[in-house]
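Here's the structure, in structure tokens; my notes come after.
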Amino acid sequence: MTDKQRTLQEQTENLKRLNKKTYEYFNQYSQSNSEADFHKEVKPFADEVKEALEAWVPIVTEWIDHEKPQYLHREQIDQLTENFEVAAVACFQSDTKKKRFIERYKSIEYTLSIVSPEGGDD
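Mapped onto the numbering used here, the consecutive letters of the sequence shown carry residue numbers 141 to 262.
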């Protein structure tokens with residue numbers, strides 16, 4: 141595995157971890173009457189997701205251009221980025237619709253799994 145592949149793998153795994161955190165936050169705040177503190181929870185988490193995406197997108201698009209995976213295209217990366225940025229904030233809102241949130245979560249997870257399948261043998 142080259143350094144670029146290792147970096148892509150590590151950053152993709154980090155995004156998977158962050159996506160799981162959106163799901164945990166969603167369950168926490170959709171089930172309770174408590175509200176997340178914007179400056180202590182929402183903004184730092186949204187910023188963490190944004191920074192992780194900004195580091196990952198150039199690497200994954202280079203990988204797509206070079207490897208030309210059959211089931212992954214640049215448009216999906218754009219969609220993942222948009223979905224992830226929305227989910228990183230929506231997961232803290234008690235009025236977020238469950239069905240839409242779950243669809244977003246699964247879409248993100250699916251795209252990340254194409255880049256880095258479980259086990260990471262790529």
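For each residue, glycine too, the CB sits at the ideal point set by N, CA and C. In this text the structure is predicted, and so the values were computed from the model without any measurement.
Leaving aside the five residues that flank Thr251 on each side, the residues in its chain whose CB is nearer than 8 Å to its CB run, in chain order, Leu212, Gln216, Ile217, Gln219, Leu220. If you draw a straight line from the Cα of Lys190 to the Cα of Phe166, it comes to about 18 Å. Inter-segment contact for the region 182-201 and the region 151-162 is present: three or more beta-carbon pairs are separated by less than 8 Å. Here DSSP, grouped into helix, strand and coil, assigns Ala195 to helix.
Going by beta carbons, Leu155 and Ile199 fall outside the 7 Å limit. Trp196 has its alpha-carbon roughly 23 Å from the corresponding atom of Ile242.
The C-beta separation of Ser234 from Ser170 comes to about 6 Å, placing the pair in contact by the 8 Å criterion. The alpha-carbon of Arg240 is positioned some 11 Å away from that of Cys231.
In the DSSP assignment, Gln233 falls outside any alpha helix (DSSP H), carrying neither H nor E.
Note that the C-beta distance between Ser256 and Thr142 is not below 7 Å.
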